[in-house]
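Terminal number for the sequence shown in my numbering: 178, no gaps in between.
The beta carbon of each residue, even a glycine, is placed where N, CA and C say it ideally should be.
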Amino acid sequence: MDDSIIEHFRHGDEDKAFRLLISTYQERLYHHIRRMVRSHDDTDDILQNTFIKAFKGMGRFRGESRLYSWLYRIATNETYTFLEKRKRTQDTIPFDTSEVDRAENDGPDGDEIMKRLLLAVSLLPEKQQLVFQLKYFEELKYEEISEVTGTSVGALKSSYHIAVKKIEKSLQADRTF
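Right, dumping it as structure tokens:
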């Protein structure tokens, strides 16, 4: 699909390329962003900015990485930019568990374990959140995560291991399940 998107763009069929880009990646990128931002409206805004930046930058895409790695990097950068702007306007950003409740209640039973996992992940530093999210939820390989983040595979493995240990500790401290 990536080749098709790139070919349509390079041959001047930008509308078709953009429609394919959105239909192929909208859902995956939405969930990637949502796990970091947790607000539907903010996620939609960031996702829109991601696609606009990708569309404007498609002519500079050289194919040195996979298209989805490039898109994930744009989405991640846009999310970090959003979070940084929001951080400047607030001293602290309280974690709103109602967002997790709403997100999880979309599923068949609002799985309590998943809510607790998401809460534990939200307590990690941003870089560990991203690495954990891409490895655990998105099931990307370390090499793919390296393309997205620009971080070495060794550093990613270490970051993921530390994140898992922190999450385990957090979940063990919450002995209600």
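Exercise for review: Please state whether DSSP places arginine 63 in a helix, a strand or coil.
Suggested key: In the three-state DSSP reduction, arginine 63 falls in the coil class, being neither helix nor strand.
Point to revise | Sequence-distant residues of its chain with Cβ nearer than 8 angstroms to threonine 51 (five each side left out) | key: Contacts found: Leu30, Ile34, Leu72, Ile75, Ala76 and Glu79.
Practice item. Give the straight-line distance between the Cα atoms of serine 159 and glycine 151, rounded to the nearest whole angstrom. Key: Each residue's CA atom was taken as its position, placing serine 159 and glycine 151 some 15 angstroms apart.
Practice item. Count the other CB atoms, across all protein chains shown, that sit within 10 Å of the CB of alanine 18; report buried if there are 16 or more and exposed otherwise. Key: When all chains shown are included, alanine 18 counts as buried.
Check your understanding: Do the stretch 3-21 and the stretch 114-129 meet, that is, are 3 or more Cβ pairs less than 8 angstroms apart?
Key -> Segments in contact, no.
**Study point:** Validate contact between the stretch 9-17 and the stretch 35-45 using beta carbons, cut 8 angstroms, 3 pairs
**Key:** The answer is no - the stretch 35-45 does not touch the stretch 9-17, with fewer than three Cβ pairs under 8 angstroms.
Exercise for review: With a threshold of 16 other CB atoms inside 10 Å of the CB of alanine 174, please say whether the residue is buried or exposed.
Suggested key: The residue in question, alanine 174, is exposed, as its Cβ has fewer than 16 Cβ neighbours within 10 Å.
Review point. Does the beta-carbon of glutamate 28 have 16 or more other beta-carbons within 10 angstroms, so that it is buried, or is it exposed?
Key: Exposed: under 16 other Cβ atoms inside 10 Å.
Check your understanding: Closest by CA to threonine 82, which one among Glu127, Leu172, Glu144 and Tyr143?
Key -> With distances taken between Cα atoms, threonine 82 lies closest to Glu127.
Check your understanding: Can you list, in chain order, the residues of its chain whose CB lies under 8 angstroms from that of isoleucine 163, leaving out five sequence neighbours each side?
Key -> For isoleucine 163, where only same-chain residues beyond five positions count, the Cβ hits under 8 angstroms are Gln129.
Exercise for review: Specify, as a first and last residue, the run of the alpha helix (DSSP H) that lysine 136 falls within.
Suggested key: Where lysine 136 is concerned, there is no enclosing alpha helix (DSSP H), given that its DSSP letter is neither H nor E.
Point to revise | Sub-9 angstroms separation of phenylalanine 138 and valine 165 beta-carbons | key: No, the pair does not count as a contact, with Cβ atoms beyond the cut-off.
**Study point:** Residue environment, lysine 136, which counts as buried when at least 16 other CB atoms sit within 10 Å
**Key:** Result: buried.
Check your understanding: Is it true that the CB of isoleucine 7 sits closer than 9 angstroms to the CB of phenylalanine 56?
Key -> Against a cut-off of 9 angstroms, the Cβ pair of isoleucine 7 and phenylalanine 56 comes out as no contact.
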